[in-house]
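In the numbering used here, the protein residues as written are 67 to 481.
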Amino acid sequence: MKEDIRKIGIGFITGRKSFRHVLATYLNSWGDKILSVRDSVELSLFVAYDLEYNNTQDKDYTDISIELSEMLSSIHFINRATIQAESLALRKEGILSEHEAALFFEKGYAGKRNAILYSAAKQGMDAIMFLDDDEYPLAVQKENGAESWTGQEILSTHLASIDQAHITCGHHCGYISTIPSIGFDESLPEQDFRVFIEALSNDVVNWEDLRTLMQTGGITYADPEVLSGPAVEVPQSGNTKFITGSNLCINLQDLGALNPFYNPPAARGEDTFLSTCLADNTVLRVPCYTFHDGFSAYASLLKGVLPQRLHPITAGSKKVNARFYAACLGWVRYKPLLLYITQRDGYEESVASMKRGLEKTLPLLCRYFDNPKFMKIADELDKYSGNVEKHYRDFETTKVAWQKLVSYLGGRRGC
Numbered sequence: 067m068k069e070d071i072r073k074i075g076i077g078f079i080t081g082r083k084s085f086r087h088v089l090a091t092y093l094n095s096w097g098d099k100i101l102s103v104r105d106s107v108e109l110s111l112f113v114a115y116d117l118e119y120n121n122t123q124d125k126d127y128t129d130i131s132i133e134l135s136e137m138l139s140s141i142h143f144i145n146r147a148t149i150q151a152e153s154l155a156l157r158k159e160g161i162l163s164e165h166e167a168a169l170f171f172e173k174g175y176a177g178k179r180n181a182i183l184y185s186a187a188k189q190g191m192d193a194i195m196f197l198d199d200d201e202y203p204l205a206v207q208k209e210n211g212a213e214s215w216t217g218q219e220i221l222s223t224h225l226a227s228i229d230q231a232h233i234t235c236g237h238h239c240g241y242i243s244t245i246p247s248i249g250f251d252e253s254l255p256e257q258d259f260r261v262f263i264e265a266l267s268n269d270v271v272n273w274e275d276l277r278t279l280m281q282t283g284g285i286t287y288a289d290p291e292v293l294s295g296p297a298v299e300v301p302q303s304g305n306t307k308f309i310t311g312s313n314l315c316i317n318l319q320d321l322g323a324l325n326p327f328y329n330p331p332a333a334r335g336e337d338t339f340l341s342t343c344l345a346d347n348t349v350l351r352v353p354c355y356t357f358h359d360g361f362s363a364y365a366s367l368l369k370g371v372l373p374q375r376l377h378p379i380t381a382g383s384k385k386v387n388a389r390f391y392a393a394c395l396g397w398v399r400y401k402p403l404l405l406y407i408t409q410r411d412g413y414e415e416s417v418a419s420m421k422r423g424l425e426k427t428l429p430l431l432c433r434y435f436d437n438p439k440f441m442k443i444a445d446e447l448d449k450y451s452g453n454v455e456k457h458y459r460d461f462e463t464t465k466v467a468w469q470k471l472v473s474y475l476g477g478r479r480g481c
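In structure tokens, the structure reads:
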């Protein structure tokens with residue numbers, strides 16, 4: 067990176083009113099450091115926001131206090147209108163086709179991450195760090211039966227290693243899984259729930275890890291050895307180097323070595339699909355944690371309230387059940403493409419196995435959660451497995467679109 071001033075972007079994809087509180091928490095946690103390194107580091111904020119997600123208004127994101135604004139070199143707000151304008155400009159200049167632009171800047175999480183990635187590169191950032199609006203710069207450990215909290219130096223930890231990597235990725239604690247704690251009984255036996263989870267299992271969700279997690283009430287605690295240890299290289303596991311979409315920093319010095327985000331329509335997994343493109347990249351896991359408030363139950367942490375005990379998130383409430391159902395839809399929508407990329411030879415049998423598992427267990431889920439919509443998961447599997455080749459072509463086209471943008475930005479970075 068440049069020897070004089072490092073230009074670092076901070077990227078948020080958000081649709082929650084709590085965004086400004088999360089931003090304030092991060093910036094205030096860096097406050098003294100920002101002042102001490104002003105001669106060598108400039109921070110810029112990139113916010114891609116969605117007004118439809120939670121019925122919000124522009125001012126819920128753009129009304130940032132003067133005190134916070136003064137910590138930043140520049141602020142860039144990205145909404146649907148700005149994305150459409152950028153897409154149109156790129157098409158008019160002949161940089162991207164209409165199809166390529168639609169895929170790269172699609173309406174989901176991947177499109178918003180790509181919009182931030184592109185904007186940060188265009189503005190001459192040396193690196194872009196992605197943070198989520200439901201993750202906080204805290205690590206929670208279990209000590210003597212009570213929770214012990216530690217503030218995390220997210221920014222400085224990533225910056226200490228990003229020069230030596232294409233990507234740095236931190237750790238996560240708290241409520242990482244969106245699967246609530248379930249009391250198994252004859253209406254939903256543990257073995258049947260295992261069949262359901264194995265049908266949807268992926269790089270993040272698998273039965274053995276989930277079973278262990280459920281024994282701790284669904285709470286993941288920070289590992290003190292990780293916190294005191296060095297950055298370590300993420301190994302290749304099959305076709306992937308596992309990363310997450312937040313607590314993630316991407317080095318923008320060699321744009322051609324990078325790949326964009328992608329997810330099938332209305333699915334998630336944009337970080338997972340990027341993970342399948344990292345064989346030639348150096349990826350470092352760095353020693354910092356963010357606390358994932360996966361069920362939005364601990365917003366008080368943003369006000370400095372540190373609970374002595376975290377409670378299991380149990381199935382039953384409409385909010386928790388709806389969150390779990392939405393997660394299941396997201397998983398089943400992206401698993402066919404993940405299988406197609408990573409296990410092409412056994413793809414048909416894998417999908418058939420998923421269908422058998424869902425056929426057996428979905429009626430149980432419908433009764434247990436009192437939600438007949440769970441049967442839709444089987445329909446979604448049929449739909450997304452039927453379109454898997456198209457989604458794969460779209461993924462490859464998104465990569466082509468990025469390389470065209472890289473060539474275009476070669477003469478325009480910093481403008």
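Ideal Cβ positions, reconstructed from N, Cα and C, are used throughout, including at glycine.
Three or more Cβ pairs closer than 8 Å define a contact, and the stretch 353-361 meets that threshold against the stretch 186-202. Cα atoms of residue 214 and residue 410: separation of roughly 45 Å, rounded to the nearest angstrom. Here residue 154 is exposed, its C-beta having fewer than 16 other C-beta atoms within 10 Å. According to the DSSP assignment, residue 325 belongs to no alpha helix (DSSP H), since it is labelled neither H nor E. With at least 16 other beta carbons inside 10 angstroms of its own, residue 245 counts as buried. Residue 143: not part of any alpha helix (DSSP H); member of the beta strand (DSSP E) spanning 140-144, first to last residue.
Counting only residues of its own chain and dropping the five nearest sequence neighbours on each side, residue 430 has a CB closer than 6 Å to the CB of 254, 258.
If the five residues before and after residue 77 are omitted, its C-beta is found closer than 6 Å to the C-beta atoms of 112, 182, 194, 196, all from its own chain and listed in chain order. In this structure, 309 is the residue among 291, 367, 305, 309 with its C-alpha nearest to the C-alpha of residue 299. The way I'd put it, the stretch 451-470 doesn't touch the stretch 285-305; fewer than three beta-carbon pairs between them come closer than 8 Å.
The three-state secondary structure of residue 363, taken from DSSP, is coil. Around residue 236, the same chain offers 313, 352, 354 as residues with beta carbons nearer than 6 Å, after the five sequence neighbours per side are excluded. For residue 95, the enclosing alpha helix (DSSP H) starts and ends at 85-95. In the three-state DSSP reduction, residue 137 falls in the coil class, being neither helix nor strand. Inside the stretch 274-357, DSSP marks whole alpha helix (DSSP H) runs of 4 or more residues at positions 290-293, 336-341, from first to last along the chain.
In this structure, the alpha-carbon of residue 178 lies about 43 Å from that of residue 252. Contact between the stretch 106-121 and the stretch 129-146 is established, with three or more Cβ pairs separated by less than 8 Å. According to DSSP, residue pairing for residue 237 in a beta bridge involves 355. Taken through DSSP and simplified to helix, strand or coil, residue 460 comes out as helix.
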